[in-house]
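Participant: Residue numbers (the numbering used here), protein chains in the order written: chain A, -14 to 499; chain B, -14 to 499. A virtual CB, placed ideally from N, CA and C, is assigned to each residue, including glycine.
(1) Assign residue 252/B to one of three DSSP states: helix, strand, or coil.
(2) State the Cα-Cα distance for the pair residue 480/B and residue 417/B, rounded to the nearest angstrom.
(3) With a cut-off of 8 Å, do at least 3 Cβ pairs link the stretch 122 to 140 of chain B to the stretch 67 to 77 of chain B?
(4) Answer yes or no: does any C-beta atom of chain A fall closer than 8 Å to that of residue 423/B?
(5) Less than 8 Å separating the beta-carbons of residue 228/A and residue 310/A?
(6) I need the DSSP call for residue 434/A, collapsed to helix, strand or coil.
(7) Closer than 7 Å by beta-carbon distance: list the chain B residues that pair up with residue 258/A, in chain order.
(8) If we define contact as Cβ-Cβ less than 8 Å, is residue 197/B a contact residue for chain A?
(9) Is it buried or exposed for residue 404/A, if we count other Cβ within 10 angstroms and need 16 for buried?
(10) If you follow the beta strand (DSSP E) that residue 184/B is in, where does it begin and where does it stop?
(11) Can you tell me the Cα-Cα spacing of residue -7/B and residue 14/B, whole angstroms?
(12) Just grab the DSSP bridge partners of residue 258/A for me.
(13) If residue 471/A sits next to residue 493/A, beta carbons under 8 Å apart, how far is it from one beta carbon to the other, in whole angstroms?
(14) Quick one: list the residues of chain B neighbouring residue 216/A, beta-carbon separation under 7 Å, in chain order.
(15) Taking the alpha-carbon positions, what's the residue 290/A to residue 303/A distance?
(16) Report the CB separation of residue 298/A from residue 177/A in whole angstroms; it is logged as a contact under 8 Å.
(17) Would you call the CB atoms of residue 142/B and residue 86/B closer than 8 Å?
(18) Who are the near neighbours of residue 44/B in its chain, counting only those whose CB is closer than 6 Å to its CB and skipping five residues on each side?
(19) If you draw a straight line from the alpha carbon of residue 449/B to that of residue 396/B, how long is it in whole angstroms?
(20) So within the stretch 278 to 348 of chain B, which uninterrupted alpha helix (DSSP H) runs reach at least 4 residues, ignoring any that extend past its ends?
(21) Identify whether residue 506/B lies in helix, strand or coil by the three-state DSSP scheme.
(22) Using CA atoms only, rank isn't needed, just tell me which of 272/B, 365/B, 357/B, 242/B is closest to residue 342/B.
(23) Terminal residues of the continuous beta strand (DSSP E) containing residue 505/A?
(24) If distances are taken between C-alpha atoms only, which option among 197/A, 497/A, 166/A, 295/A comes closest to residue 423/A?
(25) Measure the C-alpha to C-alpha separation of residue 371/B and residue 491/B and round it to an integer number of angstroms.
(26) Say whether the stretch 203 to 223 of chain A touches the stretch 356 to 363 of chain A, bearing in mind that this needs 3 or more beta-carbon pairs closer than 8 Å, one atom from each stretch.
(27) Would you identify the three-state DSSP class for residue 424/B, choosing helix, strand or coil?
(28) What residues in its chain sit with their C-beta under 7 Å from that of residue 124/B, if we drop five residues either side in the sequence?
(29) If you pair each beta-carbon of the stretch 191 to 198 of chain A with each one of the stretch 325 to 333 of chain A, do three or more pairs fall below 8 Å?
(30) Could you tell me the boundaries of the beta strand (DSSP E) in which residue 156/A lies?
(31) The stretch 396 to 420 of chain A: which residues have C-beta closer than 9 Å to a C-beta of chain E, in chain order?
(32) Following the continuous beta strand (DSSP E) through residue 356/A, name the residue where it begins and the one where it ends.
(33) Should residue 106/A and residue 60/B be called a contact, given that it needs their Cβ atoms to be closer than 8 Å?
(34) Using the three-state DSSP reduction, which class does residue 364/B fall into: helix, strand or coil?
(35) Residues in the same chain with beta-carbon distance under 6 Å from residue 478/A, minus the five sequence neighbours each way, listed in chain order, please.
(36) Between the stretch 167 to 183 of chain A and the stretch 113 to 121 of chain A, are three or more C-beta pairs nearer than 8 Å?
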């Protein structure tokens, strides 16, 4: 058994059963091993950003790491932006990058680069296997890291893949049951008992059905407010679930919401900070004199901590207050942000996975979709656009029985449009809704936000995606995905209904004129 | 004048007149400055790999650096693969990357990452401007570096862009006239005078019309052999120019060609090394006992050195031996690698720029195109695929009066297909010929080459681009570029002829069945 096969067998033994790949010469022995080892589904992406983003989506939906397979430094480089997003989502990935044979590196062939240097900014763990006999053991350690929600980059020189190995490595037992710090919960309970204006700011593992239900009880009992971060890796939403607001992206909207809190209790969440800096606006969104307390961090068991907190403050199921949801009415008339939101809320099927990169178009999607059928809502954690179509791809691989609805602006979709081909090849059940406003609309707002005045002709050319307009029906067709373009809300309703009914990938281009 | 404007004005004063851009919030003040400063053409790319690759192509064709404008760490990350290729081509780029405002970095907002760490592997020079008053001076130094063929990464925190600056910086005078080491030329002459079997291995600035003509005289006079590297940034080719072979990519083909040389004289070239390592094959391609001598390196004036060398060995224009070129006949019948090569050789118009990422399909293109009309031939120097459509974009911006012919395999074209949109928006005169063999054919060969045996079903799934086939006519249409698909050589002849006659971007999909 060579090093590559020892690695593939170690991965499978460690329940890493999916490999998202865009291999090259130095990875051919890994690819060859796939034919000899059962239990690994290998999924080709035609660009590395698809590969890493899919691994992010897979982890978010299954809690289990996938591996990648990338070709040398430039292959890794192409995958880094979505590794960045995955890292910020605490998504574990066994990120495998081929390297030249150890003895070949000194010759500085064209593809030679500093792979470890490239990997470090987006990885928690980086290791180059020194020889074939180390590969399985290093792979096991990478699995161990990835299971804890880390990006573990394992660099695999070609000769360590083709030379003889010792066999598979002992894979550590699945990750330990996570815990939480009891004193942090006690501290949170003490704050809540004071009755001072307090925000429970939640993300990560707290945003499950159960975590949200516990938060509802705690809020009902203590009068605290519960919110989610602006962006969250996965949030259980829809009818029957406790609906919470998120901190608004726009600073001017966030500040008034936060201004009266005396305490913020963080449940996995980060401090509430502005996404960007703006002249004469604060970076930290909490008001002066507001104390921030961390109850749990990423990797903790936040649901157990919330259960303990509910117990400590004496909150029971009956304390949860009923919520009034937005009424859903099938929209007619013009295609507006509001009618689009209603149409989507009505269309979301039970147990759907909604991947949200709708940016400006989707700023009003949250209230109506709280009244939709129960679903999970995934967002971009690292802010690097082009996350949603790859994450949708990986989510669909991880959850083949659930409909994936990817909502994406045209600007964002262009970064990683190659996802559509993988969705076609793997027959994934993903509806991609492209909001074609033909502008980086968020930047039009940010231009004002940073005090740059009114954009003139040359500046506007850098913000617009028109001249020519992109044709998403053609782009989808080019990658083997059926598509339709809609310009009225009636057509959008019909397209959504058709796409939800039918299994397999679809694209709906929504041509925005407002 | 704020920092951003001081930088844009410094760039223009330093003859950096084109900015390839994909900006975000932190770059809005730079974008705003474009409206206030004349003399900068700003070109939008819908993915950062387009931006950096275009800057590479622009430098190769004009010898003048362009700037980029990239958004934070992930924006830089998306551009790194083509920065890698540019670095290996010795293409100078003023690579401008936005950063959060200095005071905002500590808050670890979602887009925060180690930008300097990401930049270093692909840059010769990296600097984060500390304040607005430093920006112009740092920009001038970046120009200075880029003029010497270096990737100079200037990181621009948002507050250094919006705060008040002191004005533009003194830009150093254009780069000094390059020289060469006279003793290295004398050493080369001494070797050539011995009559021992010697290879003059050339790349970079040596491969101009004049450099090649001098090499022809030296070869005629001394009996040495002249070859190019396997890959070269730009080579003058076509009728009336001295036609040289390149060292073959495949090791088994390269070794017999090199085996009898006692000396290799490097004219900017690197040592002849294998592109990849393979089990039981050498990394160094020169035979044992062959001495390697460097005559010039990147940045030297190789044409002047060749002139001196010709003088030293007494070579005159009349020493150049006439060459027999392949006969060009308009091909008919089946679409084969050979007939495609003939069709392209006939179609290349006078003074065309040919960008070659045809990979396996194009391995036989060199001999017939030596008989084509005079043209320049650009290749991938870093081996990261997806280089050709962005480099073609930048070459067309740099040389608006020359037809650009981009030849690219379908696998490679998918990495950076967003180039087509920029070509449409800027109305660039680029014909992109996509060879649709629906497989990473090179990897099929490499699979054998590394001794991985015969690929089974799962391995073949990682090598093929079929199920579904890509439709390049639709993909091009989706980005506003007219396209045609051909499956016969007659249709290919006609499509080429139409595309050459018409100004503006075109795509020709060549469906390969052999």
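Facilitator: Looking at the atomic coordinates:
(1) Along the second chain, read from residue 1 onward, the residue named residue 252/B stands at position 267. Residue state, collapsed to three classes: strand.
(2) Here residue 480/B is taken as the residue at index 495 of the second chain, counted from 1. Here residue 417/B is taken as the residue at index 432 of the second chain, counted from 1. The alpha-carbon atoms of residue 480/B and residue 417/B are separated by roughly 11 Å.
(3) Because the criterion of three Cβ pairs below 8 Å is met, the stretch 122 to 140 of chain B and the stretch 67 to 77 of chain B touch.
(4) For this step, residue 423/B is matched to residue 438 along the second chain. With 8 Å as the cut-off, residue 423/B does not count as an interface residue toward chain A.
(5) On the first chain, residue 228/A is found 243 positions in, with the first residue counted as 1. On the first chain, residue 310/A is found 325 positions in, with the first residue counted as 1. For the pair residue 228/A and residue 310/A, the CB atoms are nearer than the 8 Å cut-off.
(6) Against the first chain, residue 434/A aligns to sequence position 449. Residue 434/A falls in the helix class under three-state DSSP.
(7) Here residue 258/A corresponds to residue number 273 of the first chain, with the count starting at 1. Here the neighbours are 92, 94.
(8) Residue mapping note: residue 197/B aligns to position 212 of the second chain, counting from 1. So, not an interface residue.
(9) As a first step, residue 404/A must be located in the first chain, where it is residue number 419. Here residue 404/A is buried, its C-beta having at least 16 other C-beta atoms within 10 Å.
(10) Working through the second chain from its first residue, we reach residue 184/B at position 199. Taken as a continuous stretch (DSSP letters only), the beta strand (DSSP E) holding residue 184/B covers 183 to 187.
(11) For the purposes of this step, residue -7/B is identified with residue 8 of the second chain, where counting begins at 1. For the purposes of this step, residue 14/B is identified with residue 29 of the second chain, where counting begins at 1. Rounded to the nearest whole angstrom, the CA to CA distance from residue -7/B to residue 14/B is 10 Å.
(12) Taking the first chain and counting its residues from 1, the one referred to as residue 258/A is at position 273. Beta-bridge pairing links residue 258/A to 269/A.
(13) Stepping through the first chain from its first residue, residue 471/A is reached at position 486. Stepping through the first chain from its first residue, residue 493/A is reached at position 508. Separation of the CB atoms of residue 471/A and residue 493/A is rounded to 6 Å, and the pair is thereby assigned contact status at 8 Å.
(14) The residue you call residue 216/A lines up with position 231 of the first chain. Identification of chain B residues near residue 216/A by a Cβ-Cβ cut-off of 7 Å yields 95, ordered along the chain.
(15) Stepping through the first chain from its first residue, residue 290/A is reached at position 305. Stepping through the first chain from its first residue, residue 303/A is reached at position 318. Cα-Cα distance, rounded: 19 Å.
(16) Counted from its first residue, the first chain places residue 298/A at position 313. Counted from its first residue, the first chain places residue 177/A at position 192. Sure, about 5 Å apart at Cβ, within 8 Å.
(17) Taking the second chain and counting its residues from 1, one reaches residue 142/B at position 157. Taking the second chain and counting its residues from 1, one reaches residue 86/B at position 101. A contact, by the Cβ cut-off of 8 Å.
(18) Here residue 44/B corresponds to residue number 59 of the second chain, with the count starting at 1. Listed in chain order, the non-local C-beta contacts of residue 44/B below 6 Å within the same chain comprise 50, 76, 77, local neighbours out to five positions each way being set aside.
(19) On the second chain, residue 449/B is found 464 positions in, with the first residue counted as 1. On the second chain, residue 396/B is found 411 positions in, with the first residue counted as 1. Between residue 449/B and residue 396/B, the alpha-carbon positions lie close to 9 Å from each other.
(20) If you keep only unbroken alpha helix (DSSP H) runs of at least 4 residues inside the stretch 278 to 348 of chain B, you get 287 to 298, 322 to 332.
(21) With chain B covering -14 to 499 only, the question about residue 506/B has no answer from this structure.
(22) The residue given as residue 342/B occupies position 357 in the second chain. Ranking 272/B, 365/B, 357/B, 242/B by Cα distance to residue 342/B puts 365/B first.
(23) The displayed coordinates of chain A run from -14 to 499. Any statement about residue 505/A would go beyond what the structure contains.
(24) In the first chain, the residue the question calls residue 423/A occupies position 438. Just measuring C-alpha positions, the residue of 197/A, 497/A, 166/A, 295/A sitting nearest residue 423/A is 497/A.
(25) Residue mapping note: residue 371/B aligns to position 386 of the second chain, counting from 1. Residue mapping note: residue 491/B aligns to position 506 of the second chain, counting from 1. Rounded to whole angstroms, the gap between the alpha carbons of residue 371/B and residue 491/B is 18 Å.
(26) Segments in contact, yes.
(27) The residue you call residue 424/B lines up with position 439 of the second chain. The answer is strand: DSSP assigns residue 424/B an E or B state.
(28) As a working mapping, residue 124/B is identified with position 139 in the second chain. The residues are -8, -5, -4, 139, 154.
(29) No, because fewer than three Cβ pairs between the stretch 191 to 198 of chain A and the stretch 325 to 333 of chain A fall closer than 8 Å, the two stretches do not touch.
(30) Position 171 of the first chain, counted from the start, is the residue given in the question as residue 156/A. Where residue 156/A is concerned, there is no enclosing beta strand (DSSP E), because DSSP gives it neither an H nor an E.
(31) In the structure shown, chain E does not exist; the protein chains are A and B.
(32) Sequence index remark: in the first chain, residue 356/A carries index 371 (1-based). DSSP places residue 356/A outside any beta strand (DSSP E), giving it a letter other than H or E.
(33) Residue mapping note: residue 106/A aligns to position 121 of the first chain, counting from 1. Residue mapping note: residue 60/B aligns to position 75 of the second chain, counting from 1. A distance of 8 Å or more separates the beta carbons of residue 106/A and residue 60/B.
(34) Taking the second chain and counting its residues from 1, the one referred to as residue 364/B is at position 379. In the structure shown, residue 364/B adopts extended strand secondary structure according to DSSP, grouped into three states.
(35) To locate residue 478/A, count along the first chain from 1; it is residue 493. 328.
(36) Segment contact: the stretch 167 to 183 of chain A against the stretch 113 to 121 of chain A, fewer than three CB-CB distances shorter than 8 Å; contact not assigned.
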